[in-house]
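Participant:
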Amino acid sequence: MEATEKDLLRGGQFLVKETKCEDIFTPEDFNEDQLMMKEAVTEFVDREIWAHKAQFEKKDYALTESCMRKAGELGFLSISVPAEYGGMGMGFVDTALVCDYISGATGSFSTAFGAHTGIGTMPITLYGNEEQKQKYVPKLASGEWFGSYCLTEPSAGSDANSGKTKAILSADGKTYSITGQKMWISNAGFCSVMIVFARIEDDKNITGFIVEYDPEKPNGITMGEEEHKLGIRASSTRQVFFNDTVVPVENMLSTRGNGFKIAMNALNVGRIKLAAACLDAQRRVITESIKYANERIQFKTPISSFGAIRQKIAEMATNCWVGEAATYRASKNIEDRIALRQNNGKDTHQEAELKGVEEYAIECSILKVAVSEHVQNCTDEGIQIFGGMGFSEETPVESAWRDARIARIYEGTNEINRMLSVGMLIKKAMKGHVDLLGPATAVANELTGIPSFETPDFSELFSEEKSIIKNLKKLFLMVAGAALQKYGEKIEQHQQLMLASSDILIQIYMAESAILRAEKMAKKQGEDNVKEQIAMAKLNLFHAIDVIETAGKHSIISFSEGDEQRMMLMGLKRYIKYVNMPNIIELRNIISDKVTKENKYCF
């Protein structure tokens with residue numbers, strides 16, 4: 020069923036509008052083609068990557084490049100490339116799915132794949148003119164050439180627009196000469212095309228250029244040695260130096276000064292794809308941990324039967340399942356928004372895709388933070404389950420832990436993304452795209468009114484949880500609304516308040532996504548057949564409330580005092596309240612029983 024403007028939520032609107040479970044997409048909704056694609060990708064990863072995992076840890080860059088070529092031959096590098104440029108032209112959900120299942124075996128290949136298909140190819144697909152796309156995209160889609168993305172500099176990291184690399188126009192106006200230094204460049208060691216950002220004269224914003232690279236004809240380009248990194252060891256990461264590198268004027272990407280916008284939009288897509296790329300890594304770590312726990316005998320008993328281990332397994336499985344729910348929910352929203360814009364006939368494919376992703380930039384930042392933190396926790400607990408063996412290079416969890424660490428840093432650090440999610444929401448509210456003022460005023464009025472003391476009927480599945488989600492949204496509006504009222508546009512100078520508000524926002528989106536996924540499954544398959552999924556949704560919400568209570572309390576007691584503070588603390592208590600507390604240990608046992616019996620992550 021095609022989405023219409025009326026029933027498709029805009030980015031950030033999840034906070035002020037109710038979403039029905041029928042209106043979200045979940046992994047249970049994959050069609051036959053998507054399931055076949057998932058199978059093909061998994062088979063490739065098991066054969067070419069997982070089987071050679073130890074080699075990647077030995078910094079075998081040639082193996083990474085060889086696997087990338089094989090992925091190109093199988094079409095996996097071309098999923099989101101339009102058919103007219105040699106790609107498969109598939110939808111955004113397919114892009115997320117391939118990114119998910121191709122990324123789980125090692126962060127080295129995952130990084131090479133993500134850098135090439137995302138920030139290496141996509142800027143040309145989305146911002147290039149027809150000649151540029153015809154010239155470069157087919158070679159990138161097939162894996163004949165590989166792409167890299169040269170944005171970061173020694174003095175320009177999170178502040179991407181502060182780069183010092185210069186582009187000087189020649190006297191005859193036919194070429195630019197680029198001089199400067201870039202660092203942390205993924206795929207630098209085997210790329211043929213670089214997206215390079217440089218400043219022309221004293222322009223306020225940087226400009227993007229497509230720069231070809233051939234080691235036989237270096238054109239003023241030199242490479243630093245491969246970086247020695249904590250993780251992603253077989254991912255080629257080098258410094259790149261440009262010294263009067265000559266680039267034809269026709270290789271400017273988009274228009275002069277549009278580089279910062281290209282960089283930011285590339286990061287939006289990169290963020291949701293990074294979330295997807297952290298999912299299968301969790302599934303594999305969970306499966307390996309369960310297998311080990313079932314085989315490891317202590318005190319004449321498999322350690323998987325001990326409560327301390329069962330707790331870890333249940334929490335790991337829950338976080339992964341919640342991440343899946345939220346990532347595919349947002350991916351389908353983006354896909355539907357792109358289709359909507361194209362069907363309206365207003366936008367080209369490029370414009371529709373750009374605006375579709377930009378629309379959900381808040382959700383992309385939320386997912387990047389939440390799922391990158393899930394994978395870090397998952398790998399850490401994986402090591403703990405393996406005990407001393409987990410600290411050994413002989414087990415897959417040691418390298419998984421090291422690889423997971425980068426996920427909280429690249430595509431914008433989690434701190435930057437936390438502040439972005441709230442900052443973008445405020446900007447959307449100011450533009451009138453998300454009405455925060457109306458609901459925030461209603462919450463303020465509700466707080467001064469007399470609360471209802473009736474006990475509601477919560478007999479229906481998830482009725483209480485959905486009521487709590489509604490209240491948590493009110494809590495966000497209460498806390499963020501009061502902070503915004505106090506500080507206005509200067510709120511961005513109060514980073515700790517922004518971070519706390521984002522923690523509330525993130526937990527709401529993730530918890531709602533999980534509840535809607537479980538509810539949708541229960542309606543289709545019957546509650547008895549999805550009791551583990553129901554347990555995961557409930558367990559996750561319980562943890563979300565803990566995070567939200569802490570973040571809310573820290574904020575309220577830091578920016579308010581007197582009667583206002585007392586009233587908001589009472590509101591906090593009211594909005595996080597359960598009528599029927601869940602039995603947390605029972606929920607964990609339901610989940611761990613299932614996965615230990617199946618001997619794998621099985622959802």
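Under the numbering used here, the first residue of the sequence shown carries the number 20, and numbering increases by one thereafter.
For each residue, glycine too, the CB sits at the ideal point set by N, CA and C.
What does the Cβ neighbour count give for Val265, buried or exposed, with the cut at 16 atoms within 10 Å?
Facilitator: exposed
Participant: Residues in its own chain within less than 7 Å of Ile575 by CB, not counting five upstream and five downstream?
Facilitator: Val498, Gln584, Met587, Leu588 and Leu591
Participant: Please classify Gly571 as buried or exposed, where buried requires at least 16 neighbouring CB atoms within 10 angstroms.
Facilitator: buried
Participant: Using the Cα positions of Tyr528 and Leu34, report the straight-line distance between them to the nearest angstrom.
Facilitator: Within the model, the alpha-carbon separation for Tyr528 versus Leu34 is close to 8 Å.
Participant: Would you list the residues sitting across from Ala554 in a DSSP beta bridge?
Facilitator: According to DSSP, which records beta bridges pairwise, Ala554 is partnered with nothing at all.
Participant: Please classify Ile445 as buried or exposed, where buried requires at least 16 neighbouring CB atoms within 10 angstroms.
Facilitator: buried
Participant: Sorted by chain position, which residues of the same chain lie with C-beta nearer than 6 Å to Arg607's C-beta, five sequence neighbours on each side aside?
Facilitator: Beyond the five residues adjoining it in sequence on each side, Arg607 comes within less than 6 Å, by CB distance, of Gln330 and Ala333 in the same chain, given in chain order.
Participant: Look at Glu417 and Met335 and say whether their C-beta atoms are less than 8 Å apart.
Facilitator: no
Participant: Rounded to the nearest angstrom, what separates Thr45 and Phe325 at their Cα positions?
Facilitator: A straight-line Cα-Cα distance of about 32 Å links Thr45 and Phe325.
Participant: For the beta strand (DSSP E) that Ser196 lies in, which residues bound it at each end?
Facilitator: Thr194 to Ser205
Participant: Of the choices Asp522, Val549 and Glu538, whose alpha-carbon is the least far from that of Val566?
Facilitator: Asp522
Participant: Based on Cα-Cα distance, which residue from Glu76, Pro415, Gly182 and Ala59 lies nearest to Thr89?
Facilitator: Reading the sequence as shown, one finds Lys at residue 89 and not Thr. Taking only the C-alpha atoms, the option nearest Lys89 is Ala59.
Participant: Quick one: residues in its chain with C-beta nearer than 7 Å to the C-beta of Asp612, no 5 flanking neighbours on either side, listed in chain order?
Facilitator: Nothing listed; no residue qualifies.
Participant: In chain order, what residues of the same chain lie with their CB nearer than 8 Å to the CB of Gln369, ignoring the 5 residues before and after it?
Facilitator: Thr144, Leu145 and Tyr146
Participant: Pull the bridge partners of Leu455 from the DSSP assignment, please.
Facilitator: In DSSP, Leu455 forms no bridge with anything.
Participant: Classify His393: buried if its beta carbon has 16 or more other beta carbons within 10 angstroms, exposed otherwise.
Facilitator: buried
Participant: Check for me: the alpha helix (DSSP H) holding Thr114 runs from which residue to which?
Facilitator: For Thr114, the uninterrupted alpha helix (DSSP H) run begins and ends at Phe111 to Ile121, by DSSP.
Participant: Report the residue from Ala190, Gly409 and His135 whose alpha carbon sits nearest the alpha carbon of Gly91.
Facilitator: His135
Participant: Touching or not, the segment 423–433 and the segment 445–465, by the rule of three or more beta carbon pairs under 8 Å?
Facilitator: no
Participant: Apart from the five residues just before and just after Ile43, which ones in its own chain have a Cβ nearer than 6 Å to its Cβ?
Facilitator: Arg348 and Leu535
Participant: Please return the same chain residues whose Cβ sits closer than 7 Å to the Cβ of Tyr620, not counting the five positions on each side in sequence.
Facilitator: Around Tyr620: Arg302, Ile305, Thr306, Ala336, Cys339 and Val614.
Participant: Among Lys248, Arg360 and Arg218, which one has its Cα closest to the Cα of Trp203?
Facilitator: Across the set Lys248, Arg360 and Arg218, the C-alpha of Lys248 shows the shortest separation from the C-alpha of Trp203.
Participant: If we count Cβ pairs, one from each stretch, closer than 8 Å, do we get three or more for the segment 378–390 versus the segment 282–290?
Facilitator: yes
Participant: Can you tell me whether Asp422 is buried or exposed? The criterion is at least 16 other CB atoms within 10 Å of its CB, across all chains shown.
Facilitator: buried
Participant: Please classify Gly105: does DSSP put it in a helix, a strand, or coil?
Facilitator: coil
Participant: Pick out whichever of Lys57, Phe75, Met600 and Ala115 has its Cα sitting closest to the Cα of Glu354.
Facilitator: Ala115
Participant: Quick test of your reading: Ser579 and Ala501, contact by CB under 8 Å. State the CB separation rounded to the nearest angstrom.
Facilitator: 7 Å
Participant: Let me check understanding here. Comparing Cα to Cα, which of Ala217, Phe165, Lys193 and Ser211 lies closest to Ala175?
Facilitator: Ala217
Participant: Anyone know if the C-beta pair for Ser167 and Ser129 falls short of 8 Å?
Facilitator: no
Participant: For Ser486 and Lys505, what's the separation of their Cα atoms in angstroms?
Facilitator: 29 Å
Participant: Which partner residues does Lys317 have in the DSSP bridge list?
Facilitator: The question names Lys, yet the displayed sequence has Gln at residue 317. Per DSSP, Thr320.
Participant: Should Met517 go down as buried or exposed, given a rule of 16 or more other Cβ atoms within 10 Å for buried?
Facilitator: buried
Participant: Pull up the distance between the alpha-carbon of Met109 and that of Glu246, whole angstroms please.
Facilitator: 35 Å
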